[in-house]
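Per UniProt numbering: the sequence shown = residues 26 to 470. Report on the following structure.
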Amino acid sequence: TRQTIENAKKNDEDINAFVVFDEENAIKQAQEIDKAGIDPDNVLSGIPVAMKDNMLTKGVLTSAGSKMLSNFKPIIDGTAVAKMKEAGTINIGKTNMDEFAMGGSTETSFHGKTKNPWNLDKVPGGSSGGAAAAVAAGDVLVSLGSDTGGSIRQPASFNGIVGMKPTYGRVSRWGLIAFASSLDQIGPLTRTVKDNAVVLNAIAGKDEHDMTSSNKEVPDFTANIDKGVKGMKIALPKEYLGEGVDKDVQDAILAAADKYRELGATVEEVSLPNSKYGVAAYYIIAPSEASSNLQRFDGIRYGYRAQDAKNLEELYVKSRSQGFGDEVKRRIMVGTYSLSAGFFDAYFKKAAEVRTLIIDDFKKVFQDYDVILTPTAPTPAYSLKDEKDPITMYMNDILTIPVNMAGLPGMSVPAGFSDGLPIGMQLIGKPFDESTLYQAAYAFE
Ligand code: GLN
């Protein structure tokens, strides 16, 4: 554990994957495991891991990448964090992220930008950019991230690692700082498919603290992992390989499709016609939910408080004005607007209807297919220096957002390179069928 932390700290001089290291607790926990002896039946026992900075860790800074929470130390562990601890893993620290998970490049963090370990001039993706970079740099074998519109899968893709966004409800969101509650889900980022399955087993399951967590049985995700893809039916949606997707990315996905055919699967083109409206609907739904969730940061109960306020109203306004960054403010404004009385039908209700259309498209395809194969992101990691306007950034999630809208499991698996930068492919599954995704990913790996 000491060596792991030392190595991670050294790597972090270039990469800045971590917001904070928790050396003290990590060493203490390691010593306890040393004393008790490693459990030979538990492969996770004594394994160092890292947690995204929006997951509550008892007594350890949990800032969600924001000035607003830059002094916040929770009094509890979130459920996923607690379960990882129970499983014997050792959390060495908190990983960097876009502020409140709003972004796709980890550039909006209060703690500075994270760099992509494959190329320090490139972004690591986001919002779980620190989580992905920490795994790719070899700091840890496992990190937990959160995914609202792609924040596990896209950074996994940009960093050449495996990232799983489980089915909505598979993992408890208790102790995850809420962004958009109907879309958020916690999941593992790992180097290998099998590691990923093992970790999902450790964190999945019903939790009485989260009423949206599912009591569906949690199977052993490794049980069928090596069964291959013979006879598996894989769908290739044509809309996900169209305009805006880099040629190298398209080629990598078509090559993956060929490999699956060689391995005995059937791969056929299908259509998901409403996915193209996903980004537009998401940028109504997610900000709406966020504007509500972020009301609690009022300068009173948590985190940052402006010092120069003359009355309560001013305290709220100044604390929020000073504590939130530009992107968070933009989302709060869009969300508040689309929820307001006169505009609710035109925006939020319409977006909810579009969401239903997207869900129905997936349902139709899954009547005939086991898995859907797409690119994870339209491009490999882009430059840290590029000028970025919000709309271009939002469009980068066009391939991952529909999966959150439909609550489906989706994972990103390394599928090639473009100019030395990793390309990820996305596998999308039926609700609660993460097992088949792991099986397909393992066969490919
Ligand atoms: N990039 C998307 C956004 O900015 C998704 C973020 C996420 O999944 N947390 O909202």
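Note that CB positions come from ideal geometry on N, CA and C, so glycine has one too.
Counting only runs of 3+ residues fully inside the stretch 298-384, write out the beta strand (DSSP E) ranges in chain order.
As far as the stretch 298-384 is concerned, it has no whole beta strand (DSSP E) run of at least 3 residues.
Gln56 classed as buried or exposed, judged by whether at least 16 other C-beta atoms fall within 10 angstroms:
Residue 56 sits at position 31 when you count from the first residue of the sequence shown. Result: exposed.
If you drop the 5 nearest sequence neighbours on each side, which residues of the same chain put their C-beta closer than 7 Å to that of Asp245?
The count along the sequence shown starts at 1 and reaches residue 245 at position 220. Cβ within range, chain order: Asn226.
Please list the terminal residues of the continuous beta strand (DSSP E) segment that includes Asp172.
Numbered from 1 along the sequence shown, position 147 holds the residue referred to as residue 172. 167-172 is the span of the beta strand (DSSP E), which, as asked, contains Asp172.
Identity of the residue in Lys140, Pro73, Lys83 nearest Lys410 by Cα
Numbered from 1 along the sequence shown, position 385 holds the residue referred to as residue 410. Nearest to Lys410 by alpha-carbon distance, out of Lys140, Pro73, Lys83, is Lys140.
Cβ shell of Pro456 (< 7 Å), same chain only, five flanking positions each side left out
Translated into the one-based positions of the sequence shown, residue 456 becomes position 431. Same-chain partners within the cutoff: Thr192, Gly432, Leu433.
So what does Ala75 bridge to, in DSSP terms?
Indexing the sequence shown from 1 puts residue 75 at position 50. Ser168, per the DSSP bridge assignment.
At a threshold of 7 Å, does Met358 count as lining the ligand GLN (C-beta to nearest heavy atom)?
As a first step, residue 358 must be located in the sequence shown, where it is residue number 333. It does not: the Cβ of Met358 is nowhere closer than 7 Å to a heavy atom of the ligand GLN.
Met418: first and last residue of the uninterrupted beta strand (DSSP E) it sits in
Counted from its first residue, the sequence shown places residue 418 at position 393. Here Met418 belongs to no beta strand (DSSP E); instead the alpha helix (DSSP H) covers 415-420.
Round the Cβ separation of Ile117 and Ala75 to the nearest angstrom and send it over; I've been treating them as touching at under 8 Å.
Taking the first residue of the sequence shown as 1, we reach residue 117 at position 92. Taking the first residue of the sequence shown as 1, we reach residue 75 at position 50. For Ile117 against Ala75, the beta-carbon gap comes to about 6 Å, under 8 Å, which counts as contact.
So, are the CB atoms of Asn184 and Trp143 less than 8 Å apart?
To locate residue 184, count along the sequence shown from 1; it is residue 159. To locate residue 143, count along the sequence shown from 1; it is residue 118. A contact, by the Cβ cut-off of 8 Å.
Is there at least one non-hydrogen atom of the ligand GLN closer than 7 Å to the beta-carbon of Asp351?
Here residue 351 is taken as the residue at index 326 of the sequence shown, counted from 1. Checking the Cβ of Asp351 against the ligand GLN gives no.
Quick one, which of Lys263, Gln210, Ala306, Gly269 has its alpha-carbon nearest Ser239's?
Reading the sequence shown from its first residue, position 214 is the one you call residue 239. The alpha carbon of Ser239 has as its nearest neighbour, out of Lys263, Gln210, Ala306, Gly269, the alpha carbon of Gln210.
Around the Cβ of Ala366, are there at least 16 other Cβ atoms within 10 angstroms (buried) or fewer (exposed)?
By 1-based counting over the sequence shown, the position of residue 366 is 341. Its Cβ having fewer than 16 others within 10 Å, Ala366 is exposed.
Do Arg380 and Ile310 come within 8 Å of each other at the CB atom, strictly closer than that value?
For the purposes of this step, residue 310 is identified with residue 285 of the sequence shown, where counting begins at 1. For the purposes of this step, residue 380 is identified with residue 355 of the sequence shown, where counting begins at 1. Closer than 8 Å, so yes.
Own chain residues within Cβ distance below 7 Å of Asp220, not counting five before or after:
In the sequence shown, the residue the question calls residue 220 occupies position 195. So the qualifying residues of the chain are Leu166, Val167.
Could you tell me if the beta carbon of Gly269 falls within a distance shorter than 7 Å of some heavy atom in the ligand GLN?
Walking along the sequence shown from the start, residue 269 turns up at place 244. No, the Cβ of Gly269 stays beyond 7 Å of every heavy atom of the ligand GLN.
Do Ala331 and Val148 come within 8 Å of each other at the CB atom, strictly closer than that value?
Sequence index remark: in the sequence shown, residue 148 carries index 123 (1-based). Sequence index remark: in the sequence shown, residue 331 carries index 306 (1-based). With contacts defined by Cβ atoms closer than 8 Å, Val148 and Ala331 do not form a contacting pair.
Select from Phe349, Ala161, Lys413, Gly289 the residue whose C-alpha is nearest the C-alpha of Val254.
Position 229 of the sequence shown, counting from 1, holds the residue named residue 254. When each option's Cα is compared against that of Val254, the closest is Gly289.
Using the C-alpha atoms, what's the distance from Ser316 back to Gly129?
As a position in the sequence shown, residue 129 is number 104, starting the count at 1. As a position in the sequence shown, residue 316 is number 291, starting the count at 1. Near 19 Å, if we compare the C-alpha coordinates of Ser316 and Gly129.
Measuring alpha carbon to alpha carbon, tell me which of Val342, Thr291, Val45, Ile383 ends up nearest Gly137.
In the sequence shown, counting from the first residue as 1, residue 137 sits at position 112. Minimum Cα distance to Gly137 is reached at Val45.
Taking a contact to mean a Cβ-Cβ separation below 8 Å, would you say Gly188 touches Leu214 in this structure?
Within the sequence shown, the letter at position 163 stands for residue 188. Within the sequence shown, the letter at position 189 stands for residue 214. Against a cut-off of 8 Å, the Cβ pair of Leu214 and Gly188 comes out as a contact.
So, using beta-carbon positions, are Gly449 and Thr417 closer together than 8 Å?
For the purposes of this step, residue 449 is identified with residue 424 of the sequence shown, where counting begins at 1. For the purposes of this step, residue 417 is identified with residue 392 of the sequence shown, where counting begins at 1. No; because the gap between Cβ atoms is not below 8 Å, this pair is not in contact.
Is Leu86 helix, strand or coil when you go by DSSP?
Along the sequence shown, one-based indexing puts residue 86 at 61. Three-state DSSP puts Leu86 in coil, outside helix and strand.
When the distance is taken between beta carbons, is Gly150 closer than 8 Å to Pro180?
Stepping through the sequence shown from its first residue, residue 180 is reached at position 155. Stepping through the sequence shown from its first residue, residue 150 is reached at position 125. Yes; because the gap between Cβ atoms is below 8 Å, this pair is in contact.
I need the straight-line Cα distance from Asp37 to Ile115, nearest angstrom please.
Looking up residue 37 in the sequence shown gives position 12. Looking up residue 115 in the sequence shown gives position 90. Their backbone Cα atoms lie some 19 Å apart in a straight line.
Please report the distance separating the alpha-carbon of Thr461 from that of Met430.
Locating residue 461 in the sequence shown gives position 436, counting from the first residue. Locating residue 430 in the sequence shown gives position 405, counting from the first residue. C-alpha separation (whole angstroms): 20 Å.
If I measure Cβ to Cβ from Tyr307 and keep anything under 6 Å in the same chain, skipping five residues before and after, which residues do I get?
Reading the sequence shown from its first residue, position 282 is the one you call residue 307. By the criterion of a C-beta distance shorter than 6 Å, Tyr307 is surrounded in its chain by Gly174, Ile426, once the five residues flanking it on both sides are discounted.
Can you grab the Cα-Cα spacing for the pair Phe322 / Gly328, in whole Å?
Numbered from 1 along the sequence shown, position 297 holds the residue referred to as residue 322. Numbered from 1 along the sequence shown, position 303 holds the residue referred to as residue 328. When rounded, the distance between both Cα atoms is 8 Å.
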